[in-house]
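What follows is one structure encoded as structure tokens, with my remarks underneath.
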Amino acid sequence: NGGINSIDSNGFTLGSGDAGSPAYVNKNSIAYMAYALKLNATGQSNTSGTITTTTYTNDTAGMSLVEYTGTGSSGTIGHGLSAKPEFAFQYPANEVNGNASTPSSWNGHRGQNSHYANLTNTTSYSAGSFFSGVSDSLITLSTASQVNQSGKKYNLLLFRSVEGFSRAGVIKAGKDGNT
Numbered sequence: 322n323g324g325i326n327s328i329d330s331n332g333f334t335l336g337s338g339d340a341g342s343p344a345y346v347n348k349n350s351i352a353y354m355a356y357a358l359k360l361n362a363t364g365q366s367n368t369s370g371t372i373t374t375t376t377y378t379n380d381t382a383g384m385s386l387v388e389y390t391g392t393g394s395s396g397t398i399g400h401g402l403s404a405k406p407e408f409a410f411q412y413p414a415n416e417v418n419g420n421a422s423t424p425s426s427w428n429g430h431r432g433q434n435s436h437y438a439n440l441t442n443t444t445s446y447s448a449g450s451f452f453s454g455v456s457d458s459l460i461t462l463s464t465a466s467q468v469n470q471s472g473k474k475y476n477l478l479l480f481r482s483v484e485g486f487s488r489a490g491v492i493k494a495g496k497d498g499n500t
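Oh and the sequence shown: position 21 is 342 in the working numbering, straight run, nothing missing.
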């Protein structure tokens, strides 16, 4: 197969990269980037919001992976962190029919709810948001199909800063180089 064959103690093993696989990730002459985070957490049912989630949270590290199924209606999801997340990666989970999420469907959000970025292009953050609210315990989802299509499964990887351990957020650079 052309996907990830195994998750190992020191990384992962890729398949052959054949184009016959719906999720090939090892094709010759194509550049890839992998994000690998170890949460050291087990899934917990989270019923804090109007949409039940499964959260894999390591609050000490300031990270939480949230799995949920969209409803198509505005609703809230519990995120499992002890403070408001400052940055999020949101993407559809593998579909029931086996199709992997496409990179163009990944979105980055910063904690202000007012901007988002598609992570496959070079444009800056765009005005607007798929989240209409973020608090210390809940995220309010819009009805946009990118984050809340009825019956579609999504993943949300959230980060918050932890003093002495990590810093979450974005760097804003002006055209004159000031940040």
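Don't be surprised by glycine CBs; every beta carbon is placed ideally from N, CA and C.
DSSP three-state assignment for residue i, whether helix, strand or coil
i: V346; result: coil
i: S466; result: helix
i: G396; result: strand
i: L479; result: strand
i: K473; result: coil
i: S366; result: strand
i: F486; result: coil
Residue of the options minimising C-alpha distance to residue i
i: S403; options: Y356, I460, T373, E388; result: I460
i: A409; options: L477, I325, E484, G336; result: L477
i: G391; options: S482, G472, F486; result: G472
i: N379; options: E388, T464, G401; result: G401
i: N361; options: Y389, T374, T368, T381; result: T381
i: G332; options: A355, L462, S458; result: A355
i: Y282; options: S369, P406, V387, K405; result: Any question about residue 282 goes unanswered here, given that the chain covers just 322 to 500.
i: T464; options: S458, F451, V455, R488; result: F451
i: K348; options: T374, I325, K405, L462; result: I325
i: Q470; options: T374, G393, K405; result: G393
Same chain only: Cβ atoms within 7 Å of residue i, ignoring 5 sequence neighbours per side
i: T371; result: G396, T397
Own chain partners of residue i with C-beta closer than 8 Å, once the 5 adjacent residues on each side are dropped
i: S426; result: Any answer about S426 is weak, because its pLDDT of 39 lies below 50 and its placement is not dependable; what the coordinates show is given next. Only Y412, P413, Q467 meet the Cβ criterion.
i: L358; result: M384, L478
Neighbourhood of residue i by C-beta, 6 Å cutoff - its chain only, sequence neighbours within 5 removed
i: S327; result: T334
i: S422; result: With a pLDDT of 41 at S422, under the threshold of 50, the predicted position of this residue should be treated as unreliable, though the coordinate-derived value follows. These residues qualify, in order along the chain: Y412, P413.
For residue i, the residue or residues it bridges with in DSSP
i: G332; result: D329
i: G454; result: T461
i: S275; result: Summary: the structure shown does not reach residue 275, with the chain confined to residues 322 through 500, and so no result is reported for it.
i: P413; result: Y475
i: T390; result: K474
i: I372; result: I398
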